[in-house]
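Numbering follows this note's numbering, in which position 40 of the sequence shown is assigned residue number 719; successive positions increment by one, without gaps.
Cβ atoms here follow ideal geometry from the backbone N, Cα and C, with glycine treated the same way.
Treat the numbers as computed from the prediction; the structure is a model and nothing was measured.
Working notes, beginning with the structure itself.
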Amino acid sequence: MKQKMVLKVQMNCEKCRAQALKIAAATQGVTHIAIQGKEKDELMVTGDEVDSVKLTRCLRKKLHHATILTIEVIKEKKEEKKDDEKYTSPYYVCYPPYPMPPQIMVQDPCQSQACSIM
């Protein structure tokens, strides 16, 4: 489940912003991070199954003030395929098995005379 969350974090200097980005990037499941807002105090995090409570606790531990503003579930848009290209299954042709050639057994009459003892 892909989700987008916005966290309000107390970031007064560039060092605090870099530290907040580093903490958010280290969280499991995060794919995109951005800083937004007029005062550059909002952290937007996007990812798969990101634990928002765990992320907020880590930010509070290092930066002393962090609150969750919004959490949204991102739904993926599915493109509809047109029926112009109809799927046709392949046409299989089964031929009957090839008949075996006839087997003919021939006995040589001279063969029985060669073994006789006189």
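Cβ separation of residue i and residue j, assumed to be a contact under 8 Å, to the nearest whole Å
i: GLN682; j: VAL732; result: About 13 Å; that fails the 8 Å criterion.
i: ILE750; j: MET684; result: 5 Å
Test item: CB-CB of residue i and residue j under 8 Å
i: LYS694; j: ALA745; result: no
i: ARG696; j: LYS719; result: yes
i: THR767; j: LEU734; result: no
Proximity to residue i [Cα-Cα], best of the options
i: THR710; options: TYR777, GLN782 and THR725; result: THR725
i: LEU742; options: THR706, ILE702, TYR771 and MET779; result: ILE702
i: ARG739; options: PRO775, ALA699, ALA713 and PRO778; result: ALA699
i: ALA704; options: VAL772, MET680 and CYS737; result: CYS737
Exposure of residue i, with buried meaning 16 or more beta-carbon neighbours within 10 Å
i: VAL729; result: buried
i: LEU748; result: exposed
Same chain, Cβ closer than 6 Å to residue i, neighbours up to 5 away in sequence not counted
i: GLY708; result: GLY726, ASP727, GLU728 and VAL729
i: MET723; result: VAL685, ALA713 and GLN715
i: GLN786; result: none
Sequence-distant residues of the same chain with beta carbon closer than 8 Å to residue i, five excluded per side
i: MET680; result: ASP727, GLU728 and VAL752
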